[in-house]
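Numbering (my numbering), first residue to last: 22 to 173.
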């Protein structure tokens, strides 16, 4: 009986890939994403008001060089190239001094790796093809909802 009661806790604790999330966060921060990544198509205005969804009231969305090059090429795609990264910062207001949280997704061969962190760096969501994320993101082209696949 105790084993049966503990099983959901064991299963849920194994769902988050915290090491993968830490690695992704280290890489995007190491890239200095705010200054080296391009702003996502349609999200050029800093702290754009959200268009709905769970990611906060004001958003900044960035894309890495891999994704930016695919957008610039303008060739039709069925999926984003492996190595594409999208970073979304959520702000409570236009003039907030610190973001509320950070969300990132990285295109891997097996699908998208998702990570979400609180302002203090604690992991909220982490994992490959995370059901918590894909529940909404399945509606987007290659699971990206903020903008479409090229040609844009």
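Beta carbons: idealized from backbone N, C-alpha and C, even for Gly.
Predicted model, so just to flag it, every value in this text is computed and none were measured.
Integer Cβ distance of residue i from residue j, believed to fall under 8 Å
i, j, result
"residue 83", "residue 122", "Incorrect: roughly 15 Å between the Cβ atoms, too far for contact."
"residue 147", "residue 39", "6 Å"
"residue 135", "residue 151", "4 Å"
"residue 172", "residue 102", "Not quite, the Cβ-Cβ distance comes to about 15 Å (not below 8 Å), so this is no contact."
8 Å Cβ cutoff met for residue i and residue j
i, j, result
"residue 69", "residue 91", "no"
"residue 81", "residue 110", "yes"
"residue 100", "residue 163", "yes"
"residue 124", "residue 37", "no"
"residue 63", "residue 168", "yes"
Chain-order list of residues whose beta-carbon lies under 7 Å from that of residue i (same chain, five-residue window excluded)
i, result
"residue 115", "68, 79"
"residue 140", "119, 120, 121, 122"
"residue 86", "none"
Contact set for residue i: own chain, Cβ-Cβ below 6 Å, skip 5 residues either direction
i, result
"residue 107", "84, 126"
"residue 42", "136, 144, 147"
Sequence-distant residues of the same chain with beta carbon closer than 8 Å to residue i, five excluded per side
i, result
"residue 131", "149, 150"
Completely contained alpha helix (DSSP H) runs for the segment 70-113, where each covers 4 or more residues: Those alpha helix (DSSP H) runs which fall completely within the segment 70-113 and span 4+ residues are 86-94.
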